[in-house]
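See structure below.
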Amino acid sequence: MKYADRVVTAFTACAMIWAVLGMMAGVYVAAELVWPTIDFGQPAFSFGRLRTLHTTLVLFGFGVSALIGTAFYSVQRTSHVRLFAPGLAWFVFYAWQVTIVLGGASILAGWNAGKEYAELEWPFDIAIAVAWVAFAVVFFGTIARRKMQAIYISNWFYGALIIVVAMLHIVNSLALPATIGKSYSLFAGAQDAIVQWWYGHNAVGFLLTGGFLGMLYYFLPKQAEQPIWSYRLSIVAFWAFVYTYIWAGPHHLHYHSVPEWVQSLGMAMSLILLAPSWATMVNGIMTVSAASKKLRSDPALKFIVLSLAFYGLATFEGPMLAIKSVNVFSHFTEWTIGHVHSGALGWNALITFGTFYFLVPRLAGAPLHSARLANVHFWLALAGVMLYVLAMWGAGVSQGVLWLSLDQLGEVRFSFNDVMAAMKPYYALRFIAGLLFLSGALLMTYNLARTFAGHRTVEVAPPAGHRAGAPA
Amino acid sequence: MNFLSLHRKIERHTGLLIFGILIVSSIGGLVQVLPIVLDDSHSAPASGVAPYPALALEGRDIYIRESCSTCHTQQVRPLLAEVKRYGPYSRAGEFAYDRPFLWGSKRTGPDLARVGGKYSDAWHRLHLTDPRAVVPASIMPGYPWLAEREADRGRTIQARMRTLQRLGHPYSDADIAAAPAALEGRSELDAVTAYLQSLGRSMQGEPEP
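Chains A and B, in that order, are what the protein sequence lines are.
The first sequence stops at residue 453 when you use my numbering, and every number in between is there.
The second sequence stops at residue 1011 when you use my numbering, and every number in between is there.
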């Protein structure tokens, strides 16, 4: 019985396609903020629809495809068994990709549930739930049949991703359909807002943080050829993360019409969240520090280490932005967008890139087509994300200060339009930053495609000679 | 040491691990979210707040279709500068009939919670069709297709109102019966304009439009 890796290759390829398409949509909406008429009066190119397509494709197309693919790859190797029900794994693949294709098309056609990062309408919500349950069966089925005694750390994080995202998705999507493409939320007003940000923040928590930490815990030690620095720290950080993250959602609703106690509790828990977040970062950095020599030559490892730095930055910035007196300035501004992208580009995209540079040569059984191109990609990605974050910091801090600025008579000092007009240079810089990041992703797609060209997925067998019950 | 031996049990048992994650991740939601979801006083309508009339509801659903809330918030925070700029701060009771809520998370354009009555219908029609005709520096997209499309092209307004009625919005059967006639001959532009003009009116002490 060999590892079922062809489905991993399929998820990896689709993740790259969605990365490129999703980032293209992102660059295009960034351009629309500089040149607002380039939608040419076409509904499908209009900012609102295209931005929703952008977030859907990068989050659920790129992010989730990368997570499911790497989960299927690593769960087999940490369990020393072939995937449980490989046919069902292929069902997960097709169901997910078809959902993203049709769901993306439905957004361009104007189907929209109106909740951020959960815009897909109810038929797609059901499809997502079905695919997700199948994902859970394959994943936990594989773990249940493992040959090792202990369940490895990466699988705790992937497991938390599966369980918690299922819970969030199902509750937040509860709605009564009116037509095939239109439903109304079961919750109204302030109650809907509380449910939405419980979902929205923890989709960030358990998908963009937890899921990708699963990727980190498997692929970082593999690439560094070092064991995880502290097993004990992993345990504490994992459970503290699972417990604490779920409380932090209401920091999205500071000074909104929701109860004060919920806001304060959300802020307190957001600050506490810094501890488990950084515990994991320390664990990762200490692991890689034992392999500093390899860091100089291995582009894949460079991506992962840089992603850890951005992980540390974003998980520090998040709690700071959750402090009410900081949030007064940052809320509703471009700072939020900068924060999201330092996480999404700097952490999620970079760790995925590093992982794929490691993974694809192994799947193809051939060396990476060009290490030089991968190094160019590294610098393009770093330049892109830095420029993006700096531009949005500039824009966001300006907005925050100028909007709240009062003159000596206590009247607002700047009209909204003046502040908006002042954003133009920042928006132009952000567009350039997006182009840099996208061009790196295109280079990578080419590099990986050339690496795989003419090859089939190499199928390897689990290590033989297992003593029953032998520890990992 | 004890916690390590406890953890040894969890990490060797798939079911225990699943159960543990489920329990530990649920606590926050049970303490913080569930009490608010179960207490409907958080979305009890404030005085003067009524369900959206058919034309405004159609406009609201178009507002959702075009993802307007990506760039426009509908939430005035209780801060001096915001109250000066936009009007009275938002109260939970104003959103009783908002499914979903449209508070947004980003102000690329201005807040709209109090925009009703601030501009004329004619201004909105011009602005929605070609924003730069009235606000030269605007970066808002134009929506020229709104004027060209008739409202409720799919003839679903009654199905939508009945769904909301089932969710507890106090539409009468007569309201629902009269809805198609209220949309007859109106464009999507009329609908969005009616929706925008209805926003925040309950706090202005003005009669509903």
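C-beta atoms are modelled at their ideal positions from N, C-alpha and C, and glycine is treated no differently.
Small disclaimer: the values here were computed from a predicted structure and weren't measured.
Let me make sure I understand the geometry here. Which of the options has the alpha-carbon closest to that of residue i?
{"i": "V(-11)(A)", "options": "L34(A), L64(A) and L14(A)", "result": "L64(A)"}
{"i": "A(-4)(A)", "options": "Q204(A), I19(A), S27(A) and A47(A)", "result": "A47(A)"}
{"i": "I81(A)", "options": "D399(A), T51(A), D106(A) and K96(A)", "result": "D106(A)"}
{"i": "V307(A)", "options": "H233(A), V62(A) and V357(A)", "result": "H233(A)"}
{"i": "G381(A)", "options": "M404(A), F26(A), S258(A) and R411(A)", "result": "M404(A)"}
{"i": "S898(B)", "options": "F72(A), Y226(A), G170(A) and S55(A)", "result": "It is worth fixing the name first, because residue 898(B) is Ala in this sequence and not Ser. Minimum Cα distance to A898(B) is reached at G170(A)."}
{"i": "P912(B)", "options": "A402(A), R431(A) and N136(A)", "result": "A402(A)"}
{"i": "R126(A)", "options": "T59(A), E241(A) and L326(A)", "result": "T59(A)"}
{"i": "A256(A)", "options": "L214(A), F121(A) and I209(A)", "result": "L214(A)"}
{"i": "R962(B)", "options": "S922(B), T931(B), A894(B) and G861(B)", "result": "G861(B)"}
{"i": "M(-18)(A)", "options": "A66(A), F310(A), Q23(A) and H35(A)", "result": "A66(A)"}
{"i": "A330(A)", "options": "G365(A), A345(A), M301(A) and I304(A)", "result": "G365(A)"}
{"i": "L157(A)", "options": "S974(B), P902(B), V885(B) and P847(B)", "result": "P902(B)"}
{"i": "A229(A)", "options": "L254(A), W210(A), G324(A) and I143(A)", "result": "L254(A)"}
{"i": "D954(B)", "options": "S849(B), G831(B) and A858(B)", "result": "A858(B)"}
{"i": "I109(A)", "options": "P300(A), T296(A), M267(A) and G84(A)", "result": "G84(A)"}
{"i": "G95(A)", "options": "T816(B), T872(B), G830(B) and L1001(B)", "result": "T872(B)"}
{"i": "S892(B)", "options": "V835(B), V878(B) and V885(B)", "result": "V878(B)"}
{"i": "A218(A)", "options": "T190(A), H237(A), P231(A) and V111(A)", "result": "T190(A)"}
For residue i, count neighbouring Cβ atoms within 10 angstroms of its own Cβ and tell me buried if that reaches 16, exposed if not.
{"i": "W360(A)", "result": "exposed"}
{"i": "A90(A)", "result": "exposed"}
{"i": "T18(A)", "result": "exposed"}
{"i": "I959(B)", "result": "buried"}
{"i": "Q389(A)", "result": "exposed"}
{"i": "G987(B)", "result": "exposed"}
{"i": "S807(B)", "result": "exposed"}
{"i": "W113(A)", "result": "buried"}
{"i": "D900(B)", "result": "buried"}
{"i": "G293(A)", "result": "buried"}
{"i": "L914(B)", "result": "buried"}
{"i": "V851(B)", "result": "buried"}
{"i": "F(-8)(A)", "result": "buried"}
{"i": "P300(A)", "result": "buried"}
Would you mind stating whether residue i and residue j have Cβ atoms separated by less than 9 angstroms?
{"i": "A70(A)", "j": "F53(A)", "result": "yes"}
{"i": "A221(A)", "j": "A260(A)", "result": "yes"}
{"i": "Q57(A)", "j": "D(-14)(A)", "result": "yes"}
{"i": "G3(A)", "j": "V39(A)", "result": "yes"}
{"i": "A422(A)", "j": "A159(A)", "result": "no"}
{"i": "I838(B)", "j": "V239(A)", "result": "yes"}
{"i": "Q204(A)", "j": "G335(A)", "result": "yes"}
{"i": "A29(A)", "j": "S907(B)", "result": "Rather than Ala, the amino acid found at residue 29(A) in this sequence is Gly. Not closer than 9 angstroms, so no."}
{"i": "V10(A)", "j": "R32(A)", "result": "yes"}
{"i": "Q177(A)", "j": "E97(A)", "result": "yes"}
{"i": "L948(B)", "j": "A856(B)", "result": "no"}
{"i": "G186(A)", "j": "T51(A)", "result": "no"}
{"i": "W328(A)", "j": "F193(A)", "result": "yes"}
{"i": "E102(A)", "j": "S27(A)", "result": "no"}
{"i": "F339(A)", "j": "F200(A)", "result": "yes"}
{"i": "L385(A)", "j": "V309(A)", "result": "yes"}
{"i": "E990(B)", "j": "I866(B)", "result": "no"}
{"i": "V73(A)", "j": "V145(A)", "result": "no"}
{"i": "L302(A)", "j": "M262(A)", "result": "no"}
{"i": "S211(A)", "j": "M148(A)", "result": "no"}
{"i": "S55(A)", "j": "N136(A)", "result": "yes"}
Given 8 angstroms as the limit, tell me if residue i has its C-beta closer than that to any heavy atom belonging to the ligand ATP.
{"i": "E13(A)", "result": "Ligands are entirely absent from the displayed structure, and the ligand ATP is therefore not among its contents."}
Task: In chain order, each beta strand (DSSP E) run of at least 3 residues that lies wholly inside the segment 64 to 106 of chain A - done: none
Task: Entirely enclosed alpha helix (DSSP H) segments - the segment 952 to 998 of chain B, minimum 4 residues - done: 959 to 968 and 975 to 985
- [ ] Pick out the complete alpha helix (DSSP H) segments inside the segment 885 to 961 of chain B, 4 residues or longer, and give them in chain order.
- [x] 923 to 931, 933 to 936 and 947 to 950
Open item on the list: Residues of the segment 978 to 1001 of chain B in Cβ contact with chain E at a cutoff of 8 angstroms, in chain order, please.
Closed with: Absent here is chain E; the protein component of the structure consists of chains A and B.
Open item on the list: Closer than 8 angstroms between beta carbons: that is the criterion. Which residues of the segment 922 to 940 of chain B meet it against chain A?
Closed with: P933, R934, V937, A939 and S940
TODO: Can you check the segment 132 to 203 of chain A for any beta strand (DSSP E) of at least 3 residues that lies completely inside it and give the ranges in chain order?
DONE: 156 to 160 and 163 to 166
TODO: Report the residues of the segment 896 to 923 of chain B with a CB closer than 9 angstroms to any CB of chain A, ordered along the chain.
DONE: E896, F897, A898, Y899, D900, R901, P902, F903, L904, W905, G906, S907, K908, R909, T910, G911, P912 and D913
Task: Runs of beta strand (DSSP E) wholly within the segment 215 to 262 of chain A (minimum 3 residues, chain order) - done: none
Open item on the list: Which residues of the segment 378 to 399 of chain A have a Cβ closer than 8 angstroms to any Cβ of chain B? Give them in chain order.
Closed with: Q380, W384, L385, S386, L387, G391, E392, V393, F397 and N398
Task: Members of the segment 83 to 116 of chain A near chain B, C-beta cut-off 8 angstroms - done: G91, W92, N93, A94, G95, K96, E97 and E100
Task: Within 9 angstroms of chain B by C-beta, residues of the segment 227 to 240 of chain A in sequence order - done: I227, W228, A229, G230, P231, H233, L234, H235, Y236, H237, S238, V239 and P240
TODO: Please list the residues of the segment 183 to 212 of chain A that have a C-beta atom closer than 7 angstroms to any C-beta atom in chain B, keeping them in chain order.
DONE: none
TODO: Identify each residue in the segment 942 to 968 of chain B for which the Cβ-Cβ distance to at least one residue of chain A is less than 8 angstroms, and report them in chain order.
DONE: M942, P943, G944, Y945, P946, W947, G956, T958, A961, R962, R964, T965, L966 and R968
Task: Members of the segment 279 to 305 of chain A that neighbour chain B once the beta carbon cut-off is set at 8 angstroms - done: none
- [ ] May I ask you to list, following chain order, the residues of the segment 239 to 266 of chain A that have a beta carbon less than 8 angstroms from some beta carbon of chain B?
- [x] V239, P240, V243, L246, G247 and M250
Open item on the list: Which residues of the segment 876 to 893 of chain B have a Cβ closer than 7 angstroms to any Cβ of chain A? Give them in chain order.
Closed with: Q877, R879, P880, L881, L882, A883, K886, R887, S892 and R893
- [ ] Determine which residues of the segment 422 to 449 of chain A have a Cβ less than 7 angstroms from any Cβ of chain B, and write them out in chain order.
- [x] none
Task: Inside the segment -5 to 61 of chain A only - alpha helix (DSSP H) runs reaching at least 4 residues - done: 28 to 37 and 45 to 60
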